[in-house]
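**Student:**
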Amino acid sequence: MIFSLHIQARSHPAMLEKILQTTRVRGFAIRSLEVKNDAAEQLLKVHLTVESERPQERLVTQLNKLGGIRELTALHAVADPVPLIERPPRNVSLMYPV
Amino acid sequence: MNGAEYIVRKLMSEGVDTLFGYPGGCIMPLYDALLESPIRHILCRHEQGSAFAANGYARSSGRTGVCLATSGPGATNLITGLADAYMDSVPMVAITGQVPTPLIGSDAFQEIDVLGMSLPVTKQSFLVEQIEQLPEILDQAFHVAREGRPGPVLVDLPKDIQLATLPARTLPQPDPARTRPQATQEQLRQAIELIKASCRPIIFGGGGILLGDAIVPFRHFVDTTGIPAVFSLKGLGTLPGDHPRNMGMLGMHGSVAANQAVQEADLLIAVGVRFDDRVTGKLSRFAPHARVIHLDIDPAEIGKLRQASCALAGDIRQNLKALAIHLEVSDWQAACRERLARDGFALPRQDGITGPHLLRQLSAMTRGQAIISCDVGQHQMWVAQHYAFDHPRKHLTSGGLGAMGFGLPAAIGAQLANPDTLVINVAGDGSFMMNMQELATIGRYRLPTKILILDNQALGMVRQQQAVCYQGRYSEIDLSDNPDFCTLAQAFGIPARSLTDPDDMAYAINKLLETPGPALLHVAIATEHNVWPMVKPGEANDQIMTGANP
Ligand SMILES: Cc1ncc(C[n+]2csc(CCOP(=O)(O)OP(=O)(O)O)c2C)c(N)n1
Ligand SMILES: [Mg+2]
Chain W
1 MIFSLHIQAR
11 SHPAMLEKIL
21 QTTRVRGFAI
31 RSLEVKNDAA
41 EQLLKVHLTV
51 ESERPQERLV
61 TQLNKLGGIR
71 ELTALHAVAD
81 PVPLIERPPR
91 NVSLMYPV
Chain C
99 MNGAEYIVRK
109 LMSEGVDTLF
119 GYPGGCIMPL
129 YDALLESPIR
139 HILCRHEQGS
149 AFAANGYARS
159 SGRTGVCLAT
169 SGPGATNLIT
179 GLADAYMDSV
189 PMVAITGQVP
199 TPLIGSDAFQ
209 EIDVLGMSLP
219 VTKQSFLVEQ
229 IEQLPEILDQ
239 AFHVAREGRP
249 GPVLVDLPKD
259 IQLATLPART
269 LPQPDPARTR
279 PQATQEQLRQ
289 AIELIKASCR
299 PIIFGGGGIL
309 LGDAIVPFRH
319 FVDTTGIPAV
329 FSLKGLGTLP
339 GDHPRNMGML
349 GMHGSVAANQ
359 AVQEADLLIA
369 VGVRFDDRVT
379 GKLSRFAPHA
389 RVIHLDIDPA
399 EIGKLRQASC
409 ALAGDIRQNL
419 KALAIHLEVS
429 DWQAACRERL
439 ARDGFALPRQ
449 DGITGPHLLR
459 QLSAMTRGQA
469 IISCDVGQHQ
479 MWVAQHYAFD
489 HPRKHLTSGG
499 LGAMGFGLPA
509 AIGAQLANPD
519 TLVINVAGDG
529 SFMMNMQELA
539 TIGRYRLPTK
549 ILILDNQALG
559 MVRQQQAVCY
569 QGRYSEIDLS
579 DNPDFCTLAQ
589 AFGIPARSLT
599 DPDDMAYAIN
609 KLLETPGPAL
619 LHVAIATEHN
629 VWPMVKPGEA
639 NDQIMTGANP
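The listed protein sequences correspond, in order, to chains W and C. If you number the first sequence the way my numbering does, the last residue is 98 and the count never jumps. If you number the second sequence the way my numbering does, the last residue is 648 and the count never jumps.
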C-alpha cells in the first residue's frame, strides 16, 4: 500500500531524522518527502509518502508517540502508477483521511 | 549560576540522590559543579557499567536512573545500556558532554554525533544548543523518561553551555500535555462479554503490569475471576510463586504446562505484554484457538504482532478494575493445576551440582525475597524457572536486549537504591567477564552485594543452540581457560570461595549470604547441562522439546 502522512512536529534537532528512522525501521519505504521548517512557529511541516506491505496503522501509531509530534494526519493515496515494490495493482485511487 | 550548576540544582529538585558516571574533557564543568552538591556520584569503571548501574537503580526502585559520560568514547560506551532501557521500558536520563557548540561539525577531538547515534535507542534525545533552552529540556527529559510507557532519554550538553551563565528569568515552556488513550465503556463491555463467554481463559502478564503500577489490581483481577495466569520473563513475580493460579513462565524456555495451556486457551487476556518472539514462538501458531483482549498503555503495541479482538489501550490499573468479575471456570482451573503439577519445571536428574538445584536452593534460603540481577544465558533462564520471586521489581534481567554484562553493574545500582536489601548477581562465566571491572566499584563502596557465578566453562546458551540446531558443531563457545574467579575477586578485596561438592550446596550459599559486605561464590557446573524445556527459534510452542530425548 502507498499512503501519505502530514506531520507537524516541533523543530528540535534530529526531529526529522527520528521521523525518518522510525519510518525505515518499521518497514516503510519512502516514496517522496517534502519538508518545511516554519521558523516563526518552530514547527517542521512534513509531507511523507511511503509504501509498504505492512498496515498503515503500524507506522501511524509509532510516529504518533514520538516526542515533539504535534499533529499527524494519515491519507490513503495512490496515484502512483509505478510502485517501488512489484505486486498486483489495487483499486485505490482517492485520498481520504483515516 | 552557570549551566552546570543549574543541572545539579535540577537533579536535586528531581529527587536524584545518586548518579553513575565517568568524567572526561567535555563534561568537566558538570563534574566541577558536582563537588559542591550533596548528590552521591558513583564512579563505575566503564561507561557501560554506569549505564547498567543507573538501569538497575531504576528497575529496582521505580525511580529515574541517571548516568553521566563525556563526549565521544564516553557517550558511545553508554549506548548498550540505553538500548537495554529502551527495550525494557526503564526510565533513565543520560547526560553526555559534547564539544563546544562552535566546534560541533568540525570533527573536533572526541566529537561524536551521539544525538544521532542515540535516536534508535531512546524515547527522545536532546541537544542543548543555547543556554536558554536548558531548563525546558531538562524538564522535558525527566518528564518523558517517566510518562506513559517509560524509557531512556539522552541530553547532549556542549561544554560551552555548561559554562554559560543562565539568564535570570528563563521560564520553561513545556510541550503541551499529550492526551492518553483510554478504553471506552463500550470496549470494556465487549471485553467482559468475551470473558464471560470463554471456557478456557488464560491471563498472559508482562512487565507492563509493574510499570503501570498495577500489581495490586492485577492480583485482585486474578483472585476475583479465578483465571489462571502465565507470565513473560518480565512478568515473573507479579503473582507470588505459590499462588494457586500462577502457571509460571511461558515461551522458549517456559514450562510445558504454561505453553500448553496457552495453546489450548479460547481467550488470552494479554496484560502489559508485547508478544515478543521469545514468548510466542512461531507467531501464526501461537494460541491458535484464542481470541485476544490486549491491555497496554502503548497503543502501538496493540495489534503490532497479534490482532486483538478487543483493544484496551490506556491505564492498565483502571481497565483491570473494570474487568474484575466473578467467573465459574473451576474445571479449567483444575485442569491447569493438574497440568502444572505434571508438566511444571522439574529438577534434572543429573548428578553433581546443577543450575536448577542451586537456584531452587537459593530461592528457598532467601524466601524469594532477594533482588536477583541476572546476566544473559542459561543461568538467566534457570533463575526465571526456579527462583520464586515474590515481586517483579526484584527480578532484574535484560529481557528485550539480552545484553551479557548487565548483571553485575545492574546489581550495583540496585544495591545503592536498596541499601538494606539482599542483592545477588547471578552471573554466567562468559557474561561476568563482560563487565567484571565493576568489581572495583563494589570494592570501593564496600557494597554488600553477593555474586554467584555459574561457571560451565562455556558460552552455554550458544552451545545449547549449537547442540540443538547445528548438530553439535560447536563454534567458539569454549571458555575452559577461564581465569580463577576467586583469585580475581580477592584482587579487588572481595572474599570468595568455590563450591564443588553437591553436599556443600546449602552450606556454601549460607556462607555467601552470611558474609558481611561483598562476597563471591564460584560454582563449577557441567558444560553439557542444557535448559529444558526448549522451543527452537522459529518453531511453534507446541513443538516444545522436553530434553527427555534431546
Ligand atoms: C553482549 C552480548 N553478546 C553476545 C550475546 C549472545 N549470547 C547469548 S547467551 C550467550 C552465552 C552466555 O554465556 P554465559 O554468560 O557463560 O552464560 P551460560 O549460558 O553459560 O549460562 C551469548 C554469547 C549476548 N546475548 N550479549
Ligand atoms: Mg557459561
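The C-beta atom is built at its ideal place from N, Cα and C for all residues, glycine as well.
1. From this set, C:PRO233, C:PRO279 and C:GLN280, which residue's C-alpha is nearest PRO265 of chain C's C-alpha?
2. Starting from ALA409 of chain C, trace the beta strand (DSSP E) both ways and give me its first and last residue.
3. Here's the rule I'm using: 16 or more other beta-carbon atoms within 10 Å means buried, otherwise exposed. How should TYR96 of chain W be labelled?
4. Verify the CB distance criterion: does SER187 of chain C have a CB-CB separation below 8 Å to chain W?
5. Report the residue from C:GLY528, C:LEU438, C:PHE302 and C:HIS489 whose alpha carbon sits nearest the alpha carbon of HIS477 of chain C.
6. Which same chain residues end up closer than 6 Å to GLY500 of chain C when comparing Cβ atoms and leaving out the 5 residues on each side of it in sequence?
7. Can you tell me the Cα-Cα spacing of PHE240 of chain C and VAL164 of chain C, whole angstroms?
8. Whether or not the stretch 159-173 of chain C and the stretch 535-552 of chain C are in contact is what I'm after, with contact meaning three or more pairs of Cβ atoms, one per stretch, closer than 8 Å; do they touch?
9. Expressed to the nearest angstrom, what Euclidean distance is found between the alpha-carbon atoms of ILE7 of chain W and ILE414 of chain C?
10. Report buried or exposed for GLU399 of chain C, applying the criterion of at least 16 other Cβ atoms within 10 angstroms of its Cβ.
11. At a Cβ threshold of 8 Å, is ASP396 of chain C touching chain W?
12. Taking only runs of the beta strand (DSSP E) that begin and end inside the stretch 294-328 of chain C, which ones reach a length of at least 3 residues, in chain order?
13. Relative to the C-alpha of ILE423 of chain C, which candidate in C:ASP449, C:SER296, C:MET534 and C:ASP374 has its C-alpha closest?
14. Going along the chain, which residues of its own chain have a beta-carbon closer than 6 Å to the beta-carbon of GLN483 of chain C, five neighbours each way excluded?
15. Cβ of ASN554 of chain C within 7 Å of any heavy atom in ligand 2?
16. Check whether the Cβ of SER578 of chain C sits closer than 7 Å to any heavy atom of ligand 1, and report yes or no.
17. Quick check: the Cα distance between PHE329 of chain C and ALA206 of chain C, rounded to an integer number of angstroms?
18. What residues in the stretch 12-33 of chain W have a beta carbon less than 8 Å from any beta carbon of chain C?
19. If the cut is a Cβ gap below 8 Å, which residues of chain C does GLU53 of chain W touch?
20. What does GLU227 of chain C touch in chain W if you count any residue whose Cβ is under 8 Å from its own?
21. Going by beta carbon distance, what residues of the same chain come within less than 7 Å of CYS124 of chain C, once the five residues before and after it are set aside?
22. Could you tell me the boundaries of the beta strand (DSSP E) in which MET190 of chain C lies?
23. Can you give me the C-alpha to C-alpha distance between MET190 of chain C and ILE522 of chain C, rounded to a whole angstrom?
24. Suppose the cutoff is 7 Å on Cβ atoms and the five residues either side in sequence are ignored; what does the same chain contact list for PRO248 of chain C look like?
25. So, is the C-beta of GLN42 of chain W closer than 8 Å to a C-beta in chain C?
26. DSSP puts SER596 of chain C in a beta bridge; with which residues?
27. So, helix, strand or coil for ALA125 of chain C, using DSSP?
28. Is there at least one Cβ from chain W nearer than 8 Å to LYS419 of chain C's Cβ?
29. Mind pulling the chain W residues with CB within less than 8 Å of PRO631 of chain C?
30. Under the rule that 16 or more other beta-carbon atoms within 10 Å means buried, what is HIS392 of chain C, buried or exposed?
31. Would you mind giving the Cβ-Cβ distance between LEU180 of chain C and PRO121 of chain C, rounded to the nearest angstrom? I have them listed as a contact below 8 Å.
32. Considering only the alpha carbon of each residue, which of C:VAL427, C:PRO136, C:SER382 and C:ARG287 lies closest to ILE300 of chain C?
33. What I want to know is whether the C-beta of LEU557 of chain C ends up closer than 7 Å to one or more non-hydrogen atoms of ligand 2.
34. Taking only the alpha-carbon atoms, compute the straight-line gap between LEU292 of chain C and PRO326 of chain C and give it to the nearest angstrom.
35. Considering just the uninterrupted stretch of the alpha helix (DSSP H) at PRO171 of chain C, what are its terminal residues?
36. According to the Cβ coordinates, are VAL212 of chain C and LEU252 of chain C closer than 8 Å?
**Tutor:** The short version:
1. Residue C:PRO233 is the option with its Cα nearest to PRO265 of chain C.
2. 408-411
3. For TYR96 of chain W, the pLDDT reaches just 35, beneath the cut-off of 50, and the residue's location in the model is therefore unreliable, leaving the point undetermined.
4. no
5. C:GLY528
6. Taking GLY500 of chain C as the centre and dropping the five residues before and after it, the same chain places the C-beta of VAL474 closer than 6 Å to its C-beta, in chain order.
7. 10 Å
8. no
9. 29 Å
10. buried
11. A Cβ of chain W is located within less than 8 Å of the beta carbon of ASP396 of chain C.
12. Taken in chain order, the whole beta strand (DSSP E) runs of length 3 or more contained in the stretch 294-328 of chain C are 299-303.
13. C:SER296
14. PHE443
15. yes
16. Checking every heavy atom of ligand 1 against the Cβ of SER578 of chain C, none is found closer than 7 Å.
17. Taking the straight line from one Cα to the other gives about 49 Å.
18. HIS12, PRO13, ALA14, GLU17, LYS18, GLN21 and VAL25
19. Near GLU53 of chain W there are no residues of chain C at all, since even the closest Cβ is about 15 Å away, more than 8 Å.
20. PRO13
21. The residues THR168, SER169, GLY195, GLN196, VAL197, GLN208 and LYS257, in chain order, have a CB closer than 7 Å to that of CYS124 of chain C in the same chain once the five nearest residues on each side in sequence are set aside.
22. 190-196
23. 22 Å
24. SER187, VAL188, PRO189 and LEU309
25. no
26. Per the DSSP secondary-structure output, SER596 of chain C pairs in a beta bridge with C:HIS620.
27. Note that residue 125 of chain C is Ile in the sequence shown here, rather than Ala. Helix, per DSSP.
28. By this cut-off, LYS419 of chain C is not an interface position.
29. Near PRO631 of chain C there are no residues of chain W at all, since even the closest Cβ is about 32 Å away, more than 8 Å.
30. By the Cβ neighbour-count rule, HIS392 of chain C is buried, with 16 or more other Cβ atoms within 10 Å of its own.
31. Actually they do not touch by this definition, with Cβ atoms about 19 Å apart.
32. C:VAL427
33. yes
34. 16 Å
35. 171-185
36. Yes, Cβ-Cβ distance for VAL212 of chain C and LEU252 of chain C is below 8 Å.
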